[in-house]
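K.L.:
The numbering of the sequence shown is the numbering used here, which starts it at 89 and goes up by one. Don't be surprised by glycine CBs; every beta carbon is placed ideally from N, CA and C. Pasting in a structure now, in structure tokens, and then I'll have a few things to ask.
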Amino acid sequence: NVLLVYTANMDRVSADPAKVIREALSKVLVYYYPFAGRLRNKENGELEVECTGQGVLFLEAMVDSDLSVLTDLDNYNPSFQQLIFSLPQDTDIEDLHLLIVQVTRFTCGGFVVGTNVYGSVCDAKGFGQFLQSMAEMA
């Protein structure tokens, strides 16, 4: 899970962050298409990514406060889980979204992008490259 926190940018106040990120995500998935697939069990019991193009799960949320409620980001806080959507633990592996992106807007104009990537799909370095590419397209 990764949380990306952005303070309000007064030069781009009119830009809807969820719309910008959704468009960037659709562009970057052309190159990182396995994230839009699903896991499947092979006959030998191993898992593989089937590039089905079913898409990632994208959610938008709004918080009735400003970013100042997010204090001490260096330490884990259970309330941070509300910024990253997770599917129920009993979700069948073949129904899992390999990538979940949640954009949470705050009243101050700031926002948080919470991401949840299925760990078997890529390592931290690869996911960092994905996030960098998405940011460049935003």
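#1: How many angstroms separate the CA atom of Arg193 from the CA atom of Phe199?
#2: Check whether the stretch 153-169 and the stretch 120-137 are in contact - that is, three or more C-beta pairs closer than 8 Å.
#3: Just to confirm, is the Cβ distance from Phe146 to Val209 under 8 Å?
#4: Helix, strand or coil: how does DSSP classify Tyr119 here?
#5: If you count every other CB in all the chains shown that lies within 10 Å of the CB of Gln170, and 16 or more means buried, which is it?
#6: Could you check whether the stretch 103-119 touches the stretch 215-224, counting it as contact only if at least three pairs of C-beta atoms, one from each stretch, sit closer than 8 Å?
#7: Pick from Cys196, Leu184, Val201 and Ile181: whose alpha carbon is nearest that of Gln190?
#8: Ala112 to Gly207, Cα distance in whole Å?
P.N.:
From the atom records:
#1: For Arg193 and Phe199, the distance between alpha carbons rounds to 4 Å.
#2: No: the two stretches stay apart, fewer than three of their Cβ pairs being nearer than 8 Å.
#3: No, these two residues do not count as a Cβ contact at 8 Å.
#4: Reduced to three states, the DSSP call for Tyr119 is coil.
#5: Of the residues assessed, Gln170 falls on the exposed side of the cut-off, its CB having fewer than 16 other CB atoms within 10 angstroms.
#6: By the Cβ rule, the stretch 103-119 counts as touching the stretch 215-224, because three or more pairs are nearer than 8 Å.
#7: Ranked by how close their Cα comes to the Cα of Gln190, the residues Cys196, Leu184, Val201 and Ile181 have Val201 in first place.
#8: The straight-line gap from Cα to Cα measures roughly 22 Å.
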